[in-house]
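Below you'll find the structure, written out as structure tokens, and then a few comments.
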Amino acid sequence: MDHGAGKPVDPRVLEAMTPYFTEYYGNPASFHGEGFDALKAVNQARQQVASLIGAEAGEIVFTSSATEANNLGIGGATRRYTKKGNRIVLSAIEHISSLNVGKELYREGFEIKYAPVDAEGVVELGELESLVNDKTVLVSVMAANGEIGTIQPFEEAAEIAHRSDALFHTDATAAAGQIGLETKSVDFMTLSSNDLYGPKGVGALYVKKGLRVKPQILGGGQERGIRSGSENVPGIVGMGAAAGLASAEMDAEGKRLTILRDKLIKGVTESIKESYLNGHPTLRLPNNANIRFSYIEGEALILSLDQLGIKVSSGSACTAKTLEPSHVLRAMGLKHEEAHGSLVYTLGKVNNEEHIEYVIQQMPEVVGRLRAMSPLTPEELR
Ligand code: PMP
1 MDHGAGKPVD PRVLEAMTPY FTEYYGNPAS FHGEGFDALK AVNQARQQVA
51 SLIGAEAGEI VFTSSATEAN NLGIGGATRR YTKKGNRIVL SAIEHISSLN
101 VGKELYREGF EIKYAPVDAE GVVELGELES LVNDKTVLVS VMAANGEIGT
151 IQPFEEAAEI AHRSDALFHT DATAAAGQIG LETKSVDFMT LSSNDLYGPK
201 GVGALYVKKG LRVKPQILGG GQERGIRSGS ENVPGIVGMG AAAGLASAEM
251 DAEGKRLTIL RDKLIKGVTE SIKESYLNGH PTLRLPNNAN IRFSYIEGEA
301 LILSLDQLGI KVSSGSACTA KTLEPSHVLR AMGLKHEEAH GSLVYTLGKV
351 NNEEHIEYVI QQMPEVVGRL RAMSPLTPEE LR
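Residue 271 in the numbering used here sits at position 271 of the sequence shown; the count goes up by one each step and never skips.
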């Protein structure tokens, strides 16, 4: 139940990719049959990824990861359009790969503002609007947050950006393949292959037709000069196949996961006193349950559950080892110790009702044991 950190490659995706390792290993840039085969496969994948988000194939730039796509979509766009001004606005709950680009832009002389979120983790549009001025180059608000599951009003955020002629980027890494997405209202969109059950090491940035970004990797001019380096053909084919499957199966899988998710949330919060859902109850990704347990540490919970075969997380995998409380939960106004006592369950294709029942059955004992040892637990809960 830690699919936010990593998903298995769908066997059908692996099947589509396999010939591109050993049989069709040409370089899409080559002027011969092998090269043309590879180019054809990359272009088909480009179309499959574009179709998932209502874009055109020519608007998709393949990258090595969502992290790289965020670097390109936020850093590359801001550095390309500096004439507009020197302010950028990010939501306070963006992924670390976006926040760190923001920090770097700040060091380069840009002014950076953070749009706050409410107690349920939804970006406050009024506050966002007050931060966007006519010197704002770019606004970035994610489509959904993978840690608390909250779906963001990113289309409204895009309208706010555009009213001031600012560009708008959305990080759709966690949302894509789970909820329907449209690129009409945005200028840049980040996607990740693994979140769609494709291989790791591939991502994509949607770049609206007519816009440019400053390349962050220089070289032979692949990907329309935006992202150099010989294409990762098998990986790209895998991302395309995964996007094709997501387009076809997302609705049914979303319904199935929503039922499992709600059963998990209800089962855990009703059987354990002083446990609460983090994030929005309904504006929520189908696969995400983020629950906080008073008086205990998330890390201790994770290790105890791991021994029972239950794999969960305390936040984003990218920051899990820092032991810092989640910046997302802190931005929602949770106290340090509340953020520390939170667990993230991210469901996926392999999870079924039996798994949910097992977790609901095991959690009270584990939480009870840890609370009994915690100096913070009030007497009546021991
Ligand atoms: N954006 C979001 C919203 C994420 O959840 C993640 C992590 N899965 C990333 C970006 C970065 O993804 P990656 O580490 O695969 O580059």
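For every residue, glycine included, the Cβ atom is placed at its ideal position computed from N, Cα and C.
For the 8 angstroms CB-CB criterion, Ile-60 and Ala-69 do not form a contact.
Taking Ala-38 as reference, the option from Ala-16, Gly-54 and Ala-55 with the minimal CA-CA separation is Ala-16.
Short of 6 angstroms from the beta carbon of Ile-74, and not among the five residues preceding or following it, lie these beta carbons of its own chain, in chain order: Ser-98, Val-101, Ser-140 and His-169. Taking 8 angstroms as the cut-off, the Cβ atoms of Tyr-81 and Val-137 count as close. The alpha carbon of Gly-368 has as its nearest neighbour, out of His-340, Glu-104 and Tyr-295, the alpha carbon of Tyr-295. At a Cβ-Cβ threshold of 8 angstroms, Leu-347 and Asn-290 do not count as neighbours. Beta-bridge analysis with DSSP links Val-123 to Val-117. In the DSSP assignment, Phe-36 falls within the unbroken alpha helix (DSSP H) covering 33-52.
Its chain contains Arg-371 and Ala-372 as the residues whose beta carbon lies nearer than 7 angstroms to that of Arg-382, once the 5 sequence neighbours on both sides are disregarded; these appear in chain order.
The Cβ atoms of Val-42 and Gly-238 lie no closer than 8 angstroms to each other. With contacts defined by Cβ atoms closer than 8 angstroms, Thr-190 and Gly-180 do not form a contacting pair. Taking one beta carbon from each stretch, the region 203-214 and the region 77-95 have 3 or more pairs nearer than 8 angstroms; the two touch. In the structure shown, Asp-262 falls within a helical segment according to DSSP collapsed to helix, strand and coil. Of the candidates His-336, Ile-112, Glu-108 and Gly-201, Ile-112 places its Cα closest to the Cα of Lys-135. Between Gly-221 and Ser-230, the C-beta gap is not smaller than 8 angstroms, which leaves the two residues out of contact.
Comparing C-alpha distances from Phe-154 to each of Ala-172, His-3 and Glu-337 shows the shortest one belongs to Ala-172. One thing to note: Leu-196 has its Cβ within 8 angstroms of the Cβ of Ala-242. Contact check for Ala-115 against Ala-144 fails: the beta carbons are separated by 8 angstroms or more. Cβ contact annotation for Val-312 (same chain, cutoff 7 angstroms, sequence separation greater than five): Met-1, Asp-2, Ile-302, Leu-305, Leu-343, Val-344 and Tyr-345, in chain order.
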